[in-house]
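**Student:**
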Amino acid sequence: MTTQEWKFTAKDIAAKPDLFLSGHRACAGCAPVSVLRLVMKATRGPTIVTQATGCMEIVGSIYPYTSWALPWLHTAFENAAANASGIDAAIKIMRKKGKIKDEYVDVIAIAGDGGTLDIGLQALSGAVERGHDFLFVLYDNEGYMNTGIQRSSSTPIGASTTTSPAGSVIPGKLEKKKPITEIMLAHEMEYVATATPYYWKDLITKVRKGLEVEGPAFLHVFAPCPRGWRSDPAKSMEYSKLSVETCVFPIWEAVNGKRQLSTPSKVISLAPQKKKPVKAYLEGQGRFRHLFTPQNAHIIEEIQRSTDERWEKLLQKCASGAT
Amino acid sequence: MSNKEKTWKEISIAGVPPKSSIGFLTGDWKTYMPIRDLEKCTICLTCVMLCPEGAIAFLPEKNKIQIDLGFCKGCGICANECPTKAITMKMPEEEE
Chain A
637 MTTQEWKFTA
647 KDIAAKPDLF
657 LSGHRACAGC
667 APVSVLRLVM
677 KATRGPTIVT
687 QATGCMEIVG
697 SIYPYTSWAL
707 PWLHTAFENA
717 AANASGIDAA
727 IKIMRKKGKI
737 KDEYVDVIAI
747 AGDGGTLDIG
757 LQALSGAVER
767 GHDFLFVLYD
777 NEGYMNTGIQ
787 RSSSTPIGAS
797 TTTSPAGSVI
807 PGKLEKKKPI
817 TEIMLAHEME
827 YVATATPYYW
837 KDLITKVRKG
847 LEVEGPAFLH
857 VFAPCPRGWR
867 SDPAKSMEYS
877 KLSVETCVFP
887 IWEAVNGKRQ
897 LSTPSKVISL
907 APQKKKPVKA
917 YLEGQGRFRH
927 LFTPQNAHII
937 EEIQRSTDER
947 WEKLLQKCAS
957 GAT
Chain B
910 MSNKEKTWKE
920 ISIAGVPPKS
930 SIGFLTGDWK
940 TYMPIRDLEK
950 CTICLTCVML
960 CPEGAIAFLP
970 EKNKIQIDLG
980 FCKGCGICAN
990 ECPTKAITMK
1000 MPEEEE
């Protein structure tokens, strides 16, 4: 990683041409698309993108249209990271043969929570272990939204999906969310971070840092989905902000395993009275609507308790510098 | 099988979408359209960054913001996030 930090202003970013173009077919109010646009604003030169199957792969490549203004590759659901390792290996050999003269060619693999936490986990783990130079961006909309809102291992406890429907038998999903960043940190990666599109400056900075790392980097981006969460499209970014303010999704970065809270989460750690109750985040989301009934009130308490517990653990980890 | 069919060596190695989606206008999806109050707008660029469609462009040479209704799907994120509340969502007929 270079020691000099990339400095930019909002005007620089706004004036930079989009590499993920308008005219894609995502739902109105789709936050993952904002994530893609912002990720692409952080590129530093020649870049190759590979995607796993998922919403963001579909909306940008409906035949005969493509929304990508750069080389883009998709093969199957499980192998975004395997594609990235192939591209990285190809770049290395072409550089050896003198066919690539650029100082660096960046590889970005983008996948949803299904393509990362469930189906693509072994390919990702393998690519990281082999030490390929790529940035893996996980846009986490907490379910298989593209195929009809099925549960994934990223769906939080209590959420109603079509395969964990809330009713008289179960009150939404019963299992906890898989701690993917902890799994990636256990691979002893040089750069692991979490981000959310509302804090776009933070997101862009983290993408650039991830690209500058020589070796694999992992970025977990929280991206509200108005269709799957059954929320108001206009409030996608508000939920992205609330997820940080309620500590449901704290944002931090770990360079060489040393964890550090990013500014919006740091503010809450320094002024705990600013931390909002999880109810503020759950309210208005149709997937949590059933929790606001007397018989399910204990689930909200449980979500609050586990959120506080995770937040306390994170604060301890940041303070001790351990992963 | 006719002899004219291409063999695996001749077909392209992957499916290639040949057109840019810039030619596919999504503006007719919307119900409400964003109306910007030029007096309230401070050009903070929040809407430019958060718009999922890339429908709000910043013109650096004029220091202006332009909303492209040809792509705007009318989600209302810009109106919800605008710090000065300069953007409101209205039905097209209300505008006249």
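Sequence lines, in order, name chains A and B. In this text, residue positions in the first sequence follow our numbering: the first is 637, and each later residue adds one. In this text, residue positions in the second sequence follow our numbering: the first is 910, and each later residue adds one. Cβ atoms here follow ideal geometry from the backbone N, Cα and C, with glycine treated the same way.
1) Listing by chain order, which chain A residues have their CB less than 7 Å from the CB of residue 991(B)?
2) So the candidates are 666(A), 712(A), 641(A) and 881(A); which of them puts its Cα closest to the Cα of residue 688(A)?
3) Any idea what DSSP makes of residue 655(A), helix, strand or coil?
4) Helix, strand or coil: which one does DSSP assign to residue 683(A)?
5) I want to verify the contact list: residues of chain B whose CB lies under 7 Å from the CB of residue 673(A), in sequence order.
6) Chain B partners of residue 869(A), CB-CB under 8 Å?
7) Mapping the DSSP letters down to three states, classify residue 977(B) as helix, strand or coil.
8) Determine which residues share a DSSP beta bridge with residue 853(A) and list them.
9) Applying the 10 Å Cβ sphere with the 16-neighbour rule, what's the burial state of residue 955(A)?
10) Quick one: which unbroken alpha helix (DSSP H) runs of 4-plus residues sit fully inside the region 876-956 of chain A? Chain order, please.
11) Using a Cβ-Cβ cut-off of 8 Å, state whether residue 690(A) counts as contacting chain B.
12) Does the beta-carbon of residue 677(A) have 16 or more other beta-carbons within 10 angstroms, so that it is buried, or is it exposed?
13) Shorter than 8 Å from the beta carbon of residue 930(B) to some beta carbon of chain A?
14) By DSSP, does residue 662(A) sit in helix, in strand, or in coil?
15) With the cut-off set at 8 Å, would you say residue 657(A) and residue 974(B) are in Cβ contact?
16) For residue 582(A), return the contacting residues in chain B, with the cut-off set at a CB-CB distance below 7 Å.
17) Tell me the rounded alpha-carbon separation between residue 801(A) and residue 978(B).
18) On the premise that residue 773(A) lies in contact with residue 744(A), defined as a C-beta separation below 8 Å, what is that separation, rounded to the nearest angstrom?
19) What does DSSP give as the partner residues of residue 945(B) in its beta bridges?
20) Let me see if you follow: with CB-CB separation under 8 Å, is residue 657(A) close to chain B or not?
21) Given that residue 669(A) touches chain B, what residues does it touch there, using C-beta distances under 8 Å?
22) Residues of chain A with a CB under 8 Å from the CB of residue 969(B): which are they?
23) So which residues on chain A does residue 934(B) lean against when the C-beta distance must stay under 8 Å?
24) Got a sec: which bits of the region 938-961 of chain B sit with their beta carbon under 8 Å from any beta carbon on chain A, in order along the chain?
25) Are the CB atoms of residue 869(A) and residue 681(A) nearer to each other than 8 Å?
26) At the 8 Å Cβ level, is residue 1001(B) part of the contact set with chain A, yes or no?
27) Going by beta carbon distance, what residues of the same chain come within less than 6 Å of residue 752(A), once the five residues before and after it are set aside?
28) Name the residues in the region 699-731 of chain A whose C-beta lies less than 7 Å from a C-beta of chain B; which are they?
29) In chain B, which residues lie with their C-beta within 8 Å of the C-beta of residue 697(A)?
30) What are the boundary residues of the beta strand (DSSP E) that includes residue 742(A)?
31) Among 910(A), 761(A), 653(A) and 781(A), which residue has its Cα nearest to the Cα of residue 695(A)?
32) Could you name the residues of chain B that residue 966(A) contacts, counting a contact when the two beta carbons are closer than 9 Å?
33) Between residue 853(A) and the rest of its own chain, which residues show a CB-CB distance below 6 Å, the 5 nearest in sequence each way excluded?
34) Tell me whether the beta-carbon of residue 981(B) lies closer than 8 Å to the beta-carbon of residue 961(B).
35) Sorted by chain position, which residues of the same chain lie with C-beta nearer than 8 Å to residue 697(A)'s C-beta, five sequence neighbours on each side aside?
36) On a Cα-Cα basis, can you pick out the residue from 669(A), 824(A) and 683(A) that is closest to residue 766(A)?
**Tutor:** The short version:
1) Those within 7 Å of residue 991(B) in chain A number zero; the least Cβ separation is about 11 Å.
2) Residue 712(A) is the option with its Cα nearest to residue 688(A).
3) coil
4) Note: residue 683(A) maps to strand in three-state DSSP.
5) 963
6) 984, 985 and 986
7) coil
8) Per DSSP, 771(A) and 827(A).
9) Taking every protein chain shown into account, the CB of residue 955(A) has fewer than 16 other CB atoms within 10 angstroms, so this residue is exposed.
10) 899-906, 914-918 and 933-956
11) With 8 Å as the cut-off, residue 690(A) does not count as an interface residue toward chain B.
12) buried
13) Chain A, which has a Cβ nearer than 8 Å to the Cβ of residue 930(B), makes this yes.
14) coil
15) no
16) The structure shown has nothing for residue 582(A), since chain A only spans 637 to 959.
17) 38 Å
18) 6 Å
19) For residue 945(B), the pairing in a beta bridge is given by DSSP as 996(B).
20) Closer than 8 Å: yes.
21) 961 and 962
22) Those within 8 Å of residue 969(B) in chain A are 647, 650 and 651.
23) 659
24) The residues in question are 938, 939, 953, 954, 957, 958, 959, 960 and 961.
25) no
26) no
27) 774
28) 699, 700, 701, 702 and 703
29) Residue 697(A) reaches chain B at 926, counting residues in chain order whose Cβ is nearer than 8 Å.
30) Residue range 742-748 is occupied by the beta strand (DSSP E) that includes residue 742(A).
31) 781(A)
32) Outside the shown range of chain A, which is 637 to 959, sits residue 966(A), and nothing can be said about it.
33) 771, 827 and 846
34) Not closer than 8 Å, so no.
35) 703, 704, 708 and 710
36) Closest option to residue 766(A), Cα to Cα, is 824(A).
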